[in-house]
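The next block holds one structure in the form of structure tokens; read it before the comments.
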Amino acid sequence: MSAKVASHKFFLEMIKMIKGFLVWCATYDLWSFLSLTILVSGAIIGYFKLYRPRKSIKNFLVSYECERAEGWNFPLRILIIFTNHTGKSLHISSASLKLKGLRPDPIATVDESTGKMPIKFPRDVFKNGIKRTLPMDAEFYLEVDSFVGSYVPIDPKHTNKEAEKALRKGKVGVLECYVTLLPRDQKPTIYRLKTKPKKRLTVRNSPK
Numbered sequence: 597m598s599a600k601v602a603s604h605k606f607f608l609e610m611i612k613m614i615k616g617f618l619v620w621c622a623t624y625d626l627w628s629f630l631s632l633t634i635l636v637s638g639a640i641i642g643y644f645k646l647y648r649p650r651k652s653i654k655n656f657l658v659s660y661e662c663e664r665a666e667g668w669n670f671p672l673r674i675l676i677i678f679t680n681h682t683g684k685s686l687h688i689s690s691a692s693l694k695l696k697g698l699r700p701d702p703i704a705t706v707d708e709s710t711g712k713m714p715i716k717f718p719r720d721v722f723k724n725g726i727k728r729t730l731p732m733d734a735e736f737y738l739e740v741d742s743f744v745g746s747y748v749p750i751d752p753k754h755t756n757k758e759a760e761k762a763l764r765k766g767k768v769g770v771l772e773c774y775v776t777l778l779p780r781d782q783k784p785t786i787y788r789l790k791t792k793p794k795k796r797l798t799v800r801n802s803p804k
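Structure follows, in structure tokens:
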């Protein structure tokens, strides 16, 4: 038997086997099972890749401070500083802080259904020829090796001792946001970040 005839015979046997497998799947309704398996596998991979939160992102730093200044509209604040040392530009969106050991300022914006306080990013606003930087944007584009800061207002009735105790024990709350890394030659990568302030922070008194 020549090699050409053997190859042709093997090809026919493979087609016969595949046909038999398809008939078997149709007979026992395995297509539904295979479809369900593929769907569940895709959902699990998507959850771990996109939705499952991460506690940190390499070289994306989040730091916290707490300061009090009686002359401000919000006298007591938790400052949140985002620093980008990832080597890629990135986009921050849907940032929020859910307080745990402290109360929000009575006039602050709080989502009643979740208890989360939205974090707004700074924007330059001009009024009557005067430039002011106000926390207004829900998203921010952060260049490489740069940082941006924002804050959430805390109930000024808290004493410095109460605020320091919560900060020192790391019981301020939980910060959540979406971070999209934007490399030049690759597709964007989206991470869901869920992290807590580090312990041993102190309240800094600022001038009015």
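Residue numbers (the numbering used here): 597 to 804. Positions of the beta carbon are idealized from the N, C-alpha and C atoms, including for glycine. Model, not experiment: these values are computed from the prediction.
Per DSSP, which residues does Arg788 bridge with? Please list them. According to DSSP, Arg788 bridges with Tyr774.
Just list the beta strand (DSSP E) runs in the region 701-775, keeping only unbroken ones of 3 residues or longer that don't cross its boundaries, in chain order. Runs of the beta strand (DSSP E) inside the region 701-775: 712-714, 717-723, 726-733, 735-738 and 742-750.
Delimiting residues of the beta strand (DSSP E) encompassing His681: No residue range can be given for His681, since it is assigned to no beta strand (DSSP E) and is classified by DSSP as neither H nor E.
By alpha-carbon positions, which one of Lys712, Met613 and Cys662 ends up nearest to Lys761? Closest by alpha carbon: Cys662.
Inter-residue CB distance, Val768 and Leu698 (contact presumed, cutoff 8 Å): About 6 Å separates the two Cβ atoms, so the contact holds.
Is the beta carbon of Pro752 sitting closer than 8 Å to the one on Leu672? Contact: yes.
Whole angstroms is fine: what's the gap from Ser689's alpha carbon to Phe656's? Cα-Cα distance, rounded: 14 Å.
Bridge partner(s) assigned by DSSP for Lys694: Looking at the DSSP output, Lys694 sits in a beta bridge with Lys712 and Val770.
In angstroms, rounded to a whole number, what distance separates the CA positions of Met713 and Lys696? Near 11 Å, if we compare the C-alpha coordinates of Lys696 and Met713.
Neighbourhood of Lys804 by C-beta distance below 7 Å, restricted to the same chain and skipping five residues each side: Here the model assigns Lys804 a pLDDT of 45, short of 50, so the residue's position is not dependable and the matter cannot be decided.
Quick check on Ala734: buried or exposed, where buried means 16 or more other Cβ atoms within 10 Å of its Cβ? By the neighbour-count rule (16 or more Cβ atoms within 10 Å), Ala734 is not buried but exposed.
Considering Phe659, what are the terminal residues of the beta strand (DSSP E) in which it resides? According to the sequence shown, residue 659 is Ser rather than Phe. Looking at the DSSP string, the run of the beta strand (DSSP E) that includes Ser659 is Phe656 to Arg664.
Check the DSSP bridge columns for Arg650 and list the partner residues they point to. Looking at the DSSP output, Arg650 sits in a beta bridge with Leu789.
Are the Cβ atoms of Asn680 and Phe743 separated by less than 8 Å? Going by beta carbons, Asn680 and Phe743 fall inside the 8 Å limit.
So what does Ser689 bridge to, in DSSP terms? Note: Ser689 sits in a beta bridge opposite Glu735 and Tyr774.
So, are the CB atoms of Leu738 and Phe678 less than 8 Å apart? The answer is yes: Cβ separation under 8 Å.
Local Cβ density within 10 Å of Ile634, reported as buried at 16 or more and exposed below that: Exposed: under 16 other Cβ atoms inside 10 Å.
Taking the DSSP output, what are the residues bridged to Arg673? Note: Arg673 sits in a beta bridge opposite Glu663 and Pro749.
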